[in-house]
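A.B. asks: Sharing a structure here in structure tokens format.
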Amino acid sequence: MEPSEHDLYLNPISIGLLFLAILTLWIYKRQGRKKLPPGPWYIPFIGNVWELAVDPDLRKSLRRLHKQYGDIYRLYMGPKLAVVISGYEAIKEVFVKRGGEFSDRPDILITSLIREKQGILSSSGELWKEHRTFILTTLRNFGFGKTSLEGKIQTEVTILLSDIEKINEKPFRILYLVQTSVSNVINAMVFGGHFNHGDARFAKLMQMQEENLENNGPKNVVAFFPFLRFLPGDLFHVKKTLRNVRYEEIFIDDLIDKHIENFDENKMEDFIDAFLLEMKNNRDCTNCTFTSE
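Here the sequence shown is numbered in the working numbering, starting from 143 and rising by one per residue.
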């Protein structure tokens, strides 16, 4: 018996479209129960990425949506919900008046792979507050935000100018020299050390940090679509980023090991010394967050 023109025939494409339509209706109904701010229409699993990609300048896309939906609106970055806050009053309300309610960080894949939610850069909640307070207090003790830091800056400027003169009017890339000088001001407070402009290991570290910054765009795609990191190769530079971060960890671990060997609790010279002392003072505490991790 042959099918008549009135028989319903569903091919794989029709079934797929029907499933997508049902899924979309289910998601919208589910989200409608939540008190979410207004926002543009989105595609399940893809979100509003297509709408943000209209303009290469993300800021222009966000301003356009701000004019349409107001100071607070929602977007879906892939399957992840994001709330965009604009305007002075709205930002002040969220991050100043109600800062404690919004202090947690989102669970972003790249950050989790690198830091595993440890330290000031990727932690949140009480752990973040405790470490932030310790870091600010300790760095101020070593001159951060004080006029005493000017001496360190002047020393680095003198070294920078001297190294530029040695180049003897030949073409050179000044970015690395400036980055090293700026880093040394911070290094003096954190590690108590100084790296020469010709230090090969430090030069490699700076290069890798610069590469990671340049690769932020491709990495952000994986943050919204985590499954992409399992594709063959390294199209989104995730593997390269992790290799660079691993080199950075080894570099810093070597500096910490030297501090441990020469540690004297009566002679605090930099941030690492202060952190080691805090670890020692809390070694019997089971819930303390000051650990070697």
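Where is the CB? At the ideal position from N, CA and C, for every residue including glycine.
Computed from a predicted model, the values in this text were never measured in an experiment.
Helix or strand or just coil, what does DSSP make of lysine 422?
C.D. replies: By one-based count along the sequence shown, residue 422 stands at place 280. In the structure shown, lysine 422 sits in a helix (DSSP, three-state: H, G or I).
A.B. asks: For leucine 223, which beta-bridge partners are listed by DSSP?
C.D. replies: Locating residue 223 in the sequence shown gives position 81, counting from the first residue. Per DSSP, Tyr218.
A.B. asks: DSSP three-state label for isoleucine 309, please.
C.D. replies: As a first step, residue 309 is located in the sequence shown; it is residue number 167 there, counting from the start. If DSSP states are grouped into helix, strand and coil, isoleucine 309 belongs with coil.
A.B. asks: Check whether the region 211-224 and the region 176-196 are in contact - that is, three or more C-beta pairs closer than 8 Å.
C.D. replies: Judged by Cβ distances under 8 Å, the region 211-224 makes contact with the region 176-196, as three or more pairs qualify.
A.B. asks: Have a look at tyrosine 309 and isoleucine 392 and give me their C-alpha separation to the nearest angstrom.
C.D. replies: In the sequence shown, residue 309 corresponds to position 167, counting from 1. In the sequence shown, residue 392 corresponds to position 250, counting from 1. The sequence given here places isoleucine at residue 309; tyrosine does not occur at that position. Cα to Cα, isoleucine 309 sits roughly 31 Å from isoleucine 392.
A.B. asks: Go ahead and pull the three-state DSSP assignment for leucine 188.
C.D. replies: For the purposes of this step, residue 188 is identified with residue 46 of the sequence shown, where counting begins at 1. According to the sequence shown, residue 188 is isoleucine rather than leucine. Looking at isoleucine 188 - three-state DSSP - the assignment turns out to be coil, as it is neither helix nor strand.
A.B. asks: Is it true that the CB of threonine 280 sits closer than 8 Å to the CB of alanine 416?
C.D. replies: Here residue 416 refers to the residue found at position 274 of the sequence shown. Here residue 280 refers to the residue found at position 138 of the sequence shown. For alanine 416 and threonine 280, yes; Cβs fall inside 8 Å.
A.B. asks: Of the residues Tyr218, Leu269, Ser203, which one's Cα is nearest the Cα of glycine 189?
C.D. replies: In the sequence shown, the residue the question calls residue 189 occupies position 47. Residue Tyr218 is the option with its Cα nearest to glycine 189.
A.B. asks: Going residue by residue through the region 356-423, where are the continuous alpha helix (DSSP H) segments of at least 4 residues, counting only ones entirely within it?
C.D. replies: You should have 358-366, 380-403, 413-423.
A.B. asks: I need the straight-line Cα distance from serine 203 to valine 191, nearest angstrom please.
C.D. replies: One-based indexing of the sequence shown puts residue 203 at position 61. One-based indexing of the sequence shown puts residue 191 at position 49. Their backbone Cα atoms lie some 11 Å apart in a straight line.
A.B. asks: Once DSSP output is grouped into helix, strand and coil, what is the label at glycine 340?
C.D. replies: For the purposes of this step, residue 340 is identified with residue 198 of the sequence shown, where counting begins at 1. Of the three classes helix, strand and coil, the one that applies to glycine 340 here is coil, per DSSP.
A.B. asks: Measuring straight from C-alpha to C-alpha, what distance separates valine 363 and phenylalanine 314?
C.D. replies: The residue you call residue 363 lines up with position 221 of the sequence shown. The residue you call residue 314 lines up with position 172 of the sequence shown. Looking at the two C-alpha atoms, the distance is approximately 35 Å.
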